[in-house]
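So the structure is just underneath, and the comments pick up after that.
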Amino acid sequence: MGCMFFAGKEGKKVFSVGEYVVHGNDGVCKVEAVEPMSGSGSDRIYYTLVPVYSTGSKLFVPTDSTKVVTRAVITKNDVKKLMEEWDDIDVLSVENDKKREEVYKAALRSCDCRQWVKLIKTSYQRNQMRMEMGKKATTSDERYLHMAQENLFGEMAIPLEMSRGEAEDYFIGKVKGTKGKKSKKAKK
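In this note's numbering, the protein residues as written are 3 to 190.
In structure tokens:
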């Protein structure tokens with residue numbers, strides 16, 4: 003899949019051209035190039051990342067950046083393990099409603115699939131509870147639920163070689179089918 007470079011004093015792995023990565027809130031991206039930025043006059047190496055689920059944009063990210071998480075996409079085995087652990091993954095701990103958005107944002111920014119699952123479960127359960135009380139789901143819960151689903155199922159789609167929607171259906175089908183355990187689909 004192209005050349006692999008190593009950058010920085012620590013020899014940090016730099017992803018290869020053609021690999022899929024998760025980059026911050028931009029989600030799944032394909033590495034288009036790994037090279038010095040032309041005209042910058044610097045030896046600093048950059049990724050050219052193309053977001054998979056948004057067209058027409060490219061990101062130029064220093065390979066040694068620590069400001070935003072850039073990591074490899076999960077594997078098929080990681081997806082399987084995540085599905086098996088669904089019921090054991092706790093919801094997010096939210097001390098009070100004033101801190102809720104802050105906790106949700108931190109979960110999204112973590113670029114951690116388990117944090118996204120926690121956010122999905124938290125928001126879904128909260129929405130169910132509100133509906134049982136005759137209340138509507140909050141806009142904030144709906145928005146963060148949607149973003150977490152987009153991130154999680156968008157990433158899972160890559161190793162499963164499916165569309166994002168197919169990955170969501172597959173995941174939910176598997177989670178619902180676990181040995182008599184109850185898991186509900188988080189509605190969009």
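Note that beta-carbon positions come from the ideal geometry of N, C-alpha and C, so glycine has one too.
Query, Result
"For residue 172, name the three-state secondary structure that DSSP assigns.", "helix"
"Can you tell me which of 76, 124 and 163 puts its alpha carbon nearest to the alpha carbon of residue 148?", "124"
"Using CA coordinates, which residue listed in 106, 32, 56 and 31 is at the minimum distance from residue 144?", "106"
"In chain order, which alpha helix (DSSP H) runs of at least 4 residues are fully inside the stretch 58-142?", "78-87, 99-111 and 115-134"
"With DSSP as the reference, label residue 29 as helix, strand or coil.", "strand"
"Could you check the C-alpha separation between residue 83 and residue 43 for me, to the nearest Å?", "45 Å"
"Can you check which of these residues, 152, 166, 60 and 97, is closest to residue 34 by C-alpha distance?", "60"
"Note down the Cα distance separating residue 53 from residue 136, rounded to an integer number of angstroms.", "39 Å"
"Under 7 Å Cβ to Cβ from residue 169, same chain only, skipping five residues before and after it: list those, please.", "155, 158, 159 and 162"
"Which of the three DSSP states is assigned to residue 21 in this structure?", "coil"
"From this set, 28, 23 and 16, which residue's C-alpha is nearest residue 152's C-alpha?", "28"
"May I have the straight-line CA-CA distance separating residue 36 from residue 111, to the nearest angstrom?", "24 Å"
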